């Protein structure tokens with residue numbers, strides 16, 4: 001039988017308030033990929049929104065698969081790729097990162113695992129353009145990724161206190177990352193830079209020790225959320241509703257439009273019940289999910 005690589009990659013939430021383009025966390029929502037060596041390239045896709053994705057060589061999973069062999073200076077073998085989608089597209093939950101990481105890890109496994117996790121993380125970042133989604137998708141947990149002066153990545157795990165429960169509300173509309181980046185200014189004031197640096201430092205401590213008061217203060221941001229929230233209907237109403245329901249805070253997940261609330265075990269049910277109401281009031285369908293932090297990251301195995 002031909003060798004098959006099975007790969008499961010978690011969704012992610014990125015930016016997390018002041019952690020723009022550097023902080024992300026893996027969530028318990030997954031896309032599944034299977035790579036089987038074949039005579040020609042074929043791609044099958046199942047799951048919601050499957051019909052929106054290419055089944056040709058421009059598919060992002062295949063492009064990432066191909067990138068490994070290009071990096072190794074080897075010809076890309078023909079492969080059959082099965083994709084099973086559970087992470088919604090263009091919603092700020094790292095669907096493109098699951099594709100990139102899935103393709104890289106699957107190719108690396110079939111090639112005999114010549115690349116280390118750090119090398120895969122670097123390749124994934126180069127494809128995605130920033131590390132905040134791909135790094136936790138690969139490694140799990142909450143991760144801070146820092147580019148050094150030589151552009152080398154330093155990856156740091158941020159402890160996530162067990163009392164902090166992640167909740168997402170996913171609307172039935174999309175927000176492309178490119179559009180979300182276009183609304184950002186070209187430069188920021190020194191005051192805004194200092195504000196975000198201080199709040200990101202506080203956020204890492206709040207996540208680690210579960211201090212809710214710190215968390216509420218730390219999730220404030222001046223780099224991306226004040227601009228991106230203008231693209232998300234009823235953002236301020238949902239933010240207010242989340243806090244009134246007992247959430248420690250609510251932020252934009254990735255580039256949006258999914259919103260990400262942090263609560264504790266006592267307040268989480270009320271937050272879940274409340275979050276979607278402002279969107280439902282203006283006829284925007286949405287779904288709410290109480291999730292957990294995936295601490296493992298991408299899981300892969302060879303069969304056959």
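In full-length UniProt numbering, the protein residues as written are 1 to 304. For glycine and all other residues, C-beta sits at the position ideal for the given N, C-alpha and C. All figures in this text were calculated on a predicted structure; none of them were measured in a lab.
Skipping 5 residues on each side, what residues in its chain have a beta carbon closer than 8 Å to that of residue i?
i: residue 110; result: 3, 5, 35, 37, 77, 79, 302
i: residue 307; result: The first residue shown for the chain is 1 and the last is 304, placing residue 307 beyond what the model contains.
i: residue 118; result: 153, 155
Could you check if residue i is buried or exposed, using at least 16 other CB atoms within 10 Å of its CB as the buried criterion?
i: residue 194; result: exposed
i: residue 232; result: buried
i: residue 221; result: buried
i: residue 294; result: buried
i: residue 229; result: buried
i: residue 57; result: exposed
i: residue 296; result: exposed
i: residue 143; result: buried
i: residue 298; result: buried
i: residue 132; result: buried
i: residue 44; result: exposed
i: residue 116; result: exposed
i: residue 70; result: exposed
i: residue 212; result: buried
i: residue 276; result: buried
Among the options, which residue has its Cα nearest to the Cα of residue i?
i: residue 315; options: 137, 62, 90; result: No information on residue 315 is available, as it lies outside the stretch 1 to 304 that the chain covers here.
i: residue 300; options: 13, 266, 105, 63; result: 105
i: residue 124; options: 134, 117, 258; result: 134
i: residue 47; options: 75, 283, 154, 83; result: 83
i: residue 30; options: 102, 57, 259; result: 102
i: residue 67; options: 164, 122, 17; result: 122
i: residue 164; options: 170, 216, 99, 33; result: 216
i: residue 129; options: 22, 267, 276; result: 22
i: residue 18; options: 198, 137, 279; result: 198
i: residue 184; options: 223, 136, 26; result: 223
i: residue 242; options: 113, 169, 142; result: 169
i: residue 139; options: 268, 157, 113; result: 157
i: residue 201; options: 172, 119, 20; result: 20
i: residue 74; options: 40, 112, 53, 81; result: 112
i: residue 39; options: 81, 50, 58; result: 81
i: residue 8; options: 280, 61, 267; result: 61
i: residue 238; options: 279, 257, 254, 225; result: 279
i: residue 151; options: 126, 25, 64, 204; result: 126
i: residue 42; options: 59, 27, 32, 28; result: 59
i: residue 15; options: 277, 298, 92; result: 92
i: residue 210; options: 235, 264, 252; result: 264
i: residue 49; options: 107, 173, 131; result: 173
i: residue 282; options: 117, 268, 225, 235; result: 235
i: residue 136; options: 191, 24, 266, 276; result: 24
i: residue 253; options: 225, 53, 274, 277; result: 225
i: residue 107; options: 33, 203, 53; result: 33
Given residue i, which residues of its chain have a CB within under 6 Å of its CB, disregarding the five upstream and five downstream residues?
i: residue 270; result: 245, 246
i: residue 95; result: 87, 89
i: residue 171; result: 257, 279, 284, 286
i: residue 159; result: 208
i: residue 274; result: 241, 245
Near residue i, which residues of its chain fall below 7 Å by C-beta distance, leaving aside the five closest residues on each side in sequence?
i: residue 272; result: 167, 288, 290
i: residue 148; result: 154
i: residue 180; result: 228, 231, 255, 256
i: residue 97; result: 12, 128, 133, 134, 137
i: residue 214; result: 202, 205, 206
i: residue 187; result: none
Assuming the contact rule is C-beta atoms closer than 8 Å, residue i and residue j should be a hit. Round their C-beta distance to whole Å, please.
i: residue 259; j: residue 249; result: Not confirmed; about 11 Å, so no contact.
i: residue 99; j: residue 64; result: 7 Å
i: residue 218; j: residue 206; result: 5 Å
i: residue 72; j: residue 114; result: 6 Å
Hey, which unbroken runs of the alpha helix (DSSP H) at 4 residues or more fall wholly within the segment 126-185? 134-139, 177-182
Enumerated in chain order, which unbroken segments of the beta strand (DSSP E) with a length of 3 residues or greater are wholly contained in the segment 32-73? 42-47
Jot down the residue ranges of each uninterrupted beta strand (DSSP E) in the UniProt domain "GHMP kinase C-terminal" (205-277), minimum 3 residues, whole runs only, in chain order. 249-252, 259-263
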